[in-house]
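Okay, so here's the structure we're looking at.
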Amino acid sequence: MLQQTPVVRVLPVWHEWLKRWPTPAALAGEPAGEAVRSWGRLGYPRRALRLHAAAAAITSDHNGRVPDTYPELLALPGVGSYTAAAVAAFAYGRRETVVDTNIRRVHARLVSGSALPAPALTAAEMRLAASLLPADDGSSVRWNAAVMELGALVCTARAPKCAACPVSDLCAWRAAGEPPPSYVPKGQAWHGTDRQVRGAVVAVLRLAETPVPPDMFFREPADLGFAPAGIGVPLAALHRLNSAPEQLERALAGLLADGLAEMHGGGYRLPA
DNA sequence: TAGGCGTGGGC
DNA sequence: TGCCCAAGCCT
Numbered sequence: 001m002l003q004q005t006p007v008v009r010v011l012p013v014w015h016e017w018l019k020r021w022p023t024p025a026a027l028a029g030e031p032a033g034e035a036v037r038s039w040g041r042l043g044y045p046r047r048a049l050r051l052h053a054a055a056a057a058i059t060s061d062h063n064g065r066v067p068d069t070y071p072e073l074l075a076l077p078g079v080g081s082y083t084a085a086a087v088a089a090f091a092y093g094r095r096e097t098v099v100d101t102n103i104r105r106v107h108a109r110l111v112s113g114s115a116l117p118a119p120a121l122t123a124a125e126m127r128l129a130a131s132l133l134p135a136d137d138g139s140s141v142r143w144n145a146a147v148m149e150l151g152a153l154v155c156t157a158r159a160p161k162c163a164a165c166p167v168s169d170l171c172a173w174r175a176a177g178e179p180p181p182s183y184v185p186k187g188q189a190w191h192g193t194d195r196q197v198r199g200a201v202v203a204v205l206r207l208a209e210t211p212v213p214p215d216m217f218f219r220e221p222a223d224l225g226f227a228p229a230g231i232g233v234p235l236a237a238l239h240r241l242n243s244a245p246e247q248l249e250r251a252l253a254g255l256l257a258d259g260l261a262e263m264h265g266g267g268y269r270l271p272a
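The C-terminal position of the first sequence is numbered 272 in the UniProt record's numbering, with every residue numbered one higher than the one before it.
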């Protein structure tokens with residue numbers, strides 16, 4: 001849930017999930033669509049699908065217990081190098097090289113003297129992080145947590161709080177006079193994109209209690225007569241995008257291909 | 001490996 | 001107001 005999503009927005013959903021599904025087996029015992037529905041508006045709903053798939057793999061391949069080694073974690077759906085290292089370190093106390101966006105930024109500034117880390121994680125960054133990691137398990141876990149928190153709370157992306165930084169006197173970026181970034185991060189387009197349409201479609205499916213006929217997506221709201229109960233608001237939001245039929249087609253086809261939607265009785269629904 | 005993939009708070 | 005960014009992953 002925390003992948004690319006701020007903690008404050010994750011917390012309430014996380015609590016709900018653990019109340020409803022206390023174990024991997026409990027989650028795996030329900031349809032994947034329920035995971036997507038309960039994902040709410042956290043974004044990137046494929047993560048819900050993968051979390052459900054991971055729960056199934058943990059149940060079938062690991063006797064219902066989250067594995068405690070990096071390679072086993074890495075093999076789970078939706079678990080990449082960061083998450084595998086983070087779970088092994090923070091849940092199981094193992095010595096792993098944890099590198100997330102916060103740690104990358106701290107290393108870039110403090111050690112490399114750059115305003116920002118490279119656009120994509122490099123092998124050199126991994127080597128640097130590994131070289132800085134304390135040798136014993138306990139210290140390495142605290143180190144990972146400390147550097148991550150420093151990046152999240154003090155050495156922030158915008159307006160870093162250098163005055164409050166406990167290691168500002170060691171910072172290569174400050175020593176160099178805080179040079180600007182060597183590149184301009186390219187923002188993600190949003191308005192008018194397929195992603196925006198996908199998001200609006202999933203918002204409809206999430207609230208729908210019965211399969212949604214294609215007409216609901218493609219025809220003008222005025223021509224629809226009525227919408228299935230509960231989806232009036234997200235459906236209106238979708239139509240307000242005024243996207244071309246081909247774009248809507250692409251979005252729906254993409255959702256089917258990704259397993260975020262399925263056809264049932266001539267309509268679209270979350271996977272049941 | 002570069003690009004696709006959501007959402008909302010803060011500035 | 002828009003734009004930036006957030007505990008990345010997958011193909």
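Built from N, CA and C at the ideal position, the CB exists for glycine as well.
With a threshold of 16 other CB atoms inside 10 Å of the CB of residue i, please say whether the residue is buried or exposed.
i    : result
T97  : buried
E178 : exposed
S60  : exposed
S140 : buried
P185 : exposed
R65  : exposed
V167 : exposed
W21  : buried
R109 : buried
R127 : exposed
M263 : exposed
A159 : exposed
R105 : buried
Look at the alpha carbon of residue i and the alpha carbon of residue j, and state the distance between them as a whole number of angstroms.
i    : j    : result
S38  : V8   : 17 Å
S114 : E125 : 13 Å
D100 : M148 : 7 Å
A152 : V87  : 18 Å
R142 : L132 : 13 Å
L18  : A54  : 15 Å
A189 : A135 : 43 Å
S182 : L121 : 16 Å
A200 : E16  : 23 Å
A227 : A208 : 10 Å
A203 : P234 : 6 Å
P71  : T83  : 11 Å
R50  : P213 : 26 Å
P211 : N242 : 22 Å
Q247 : A35  : 26 Å
L256 : Q196 : 16 Å
A28  : L11  : 21 Å
A56  : P271 : 15 Å
G23  : P67  : Rather than Gly, the amino acid found at residue 23 in this sequence is Thr. Roughly 13 Å separates the two Cα atoms.
D223 : I231 : 16 Å
Helix, strand or coil for residue i per DSSP?
i    : result
M263 : strand
V66  : coil
Q196 : helix
Q247 : helix
C171 : coil
W143 : helix
L121 : coil
P234 : helix
M1   : coil
R41  : coil
E178 : coil
P31  : coil
P71  : helix
N242 : coil
C165 : coil
Could you check where the alpha helix (DSSP H) with residue i kicks off and where it finishes?
i    : result
H15  : V7 to R20
E78  : Inspection of the sequence shows that residue 78 is occupied by Gly rather than by Glu. Segment: none, G78 is in no alpha helix (DSSP H) and carries neither H nor E.
D61  : R46 to D61
V154 : Unbroken run through V154: none, as it is neither H nor E.
A28  : P24 to A28
L116 : First-last for L116: undefined, no H or E at that position.
V98  : Element bounds for V98: n/a, residue is neither H nor E.
D136 : It is not in any alpha helix (DSSP H) - D136 carries neither H nor E in the DSSP assignment.
L224 : P221 to L224
Provide the residue(s) that pair with residue i in DSSP beta bridges, ordered along the chain.
i    : result
R269 : E262
V212 : Y268
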